[in-house]
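A short worksheet on the structure shown next.
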Amino acid sequence: MTINTSVCARYRYADGWHIFDSEDLPGLYVASRDAEQAFNNVGQVIEGLFKLDHGIDIQIVPEVSVKEFLAAVAKDKMPSAEHPLILSDRRFQVMGAVA
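Encoded structure:
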């Protein structure tokens, strides 16, 4: 059986941190002061959670490129701690096979 779905990761910027979490995938939480590093780590964390929770090896492909993500972050000036930035959610495509 082949898996082909996606996970919605919520992004926000607060107190100097780029943060991703997800209601679709409990346990997904990535935070970094570097936006590119945070974005790139989301796929690795999703892959790890699927392996730990379900014993499934999957491949994650972001539905937007890191370049598009960074442009969106740069376009919205980094906010103050009182007004965190919340961009639209980001989807990460899940592809794999189940034996």
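Residues 1 to 99 (this note's numbering) make up the sequence shown, in order. We put the beta carbon where it would ideally sit given N, CA and C, even for glycine.
Neighbourhood of residue i by C-beta, 8 angstroms cutoff - its chain only, sequence neighbours within 5 removed
i	result
Ser32	Trp17, His18, Ala38 and Asn41
Asp21	Ala9, Arg10, Leu28, Tyr29 and Val30
Distance between beta carbons of residue j and residue i, contact taken as under 8 angstroms
i	j	result
Leu25	Leu52	Not a contact, Cβ separation roughly 11 angstroms.
Three-state class that DSSP yields for residue i in the structure shown
i	result
Val66	helix
Ala72	helix
Ser6	strand
Delimiting residues of the alpha helix (DSSP H) encompassing residue i
i	result
Asp53	Ala35 to His54
Own chain, CB closer than 7 angstroms to residue i, minus 5 neighbours either side, in chain order
i	result
Gly27	Leu49
Val66	Glu36, Phe39 and Asn40
Val45	Leu28 and Val30
Extent of the continuous beta strand (DSSP E) to which residue i belongs
i	result
Asp15	Asp15 -> no beta strand (DSSP E), and no H or E assigned at all.
Ser32	Tyr29 to Ser32
Cβ-based burial, residue i [other Cβ within 10 Å; buried from 16]
i	result
Ala9	buried
Gly55	exposed
Ala71	exposed
Ser35	Checking the sequence, you will find Ala at residue 35 rather than Ser. So Ala35 ends up on the buried side.
Val7	buried
Residues of its chain near residue i, where Cβ-Cβ distance is below 6 angstroms and the 5 sequence neighbours each way are ignored
i	result
Val73	Ala35
Phe69	Phe39
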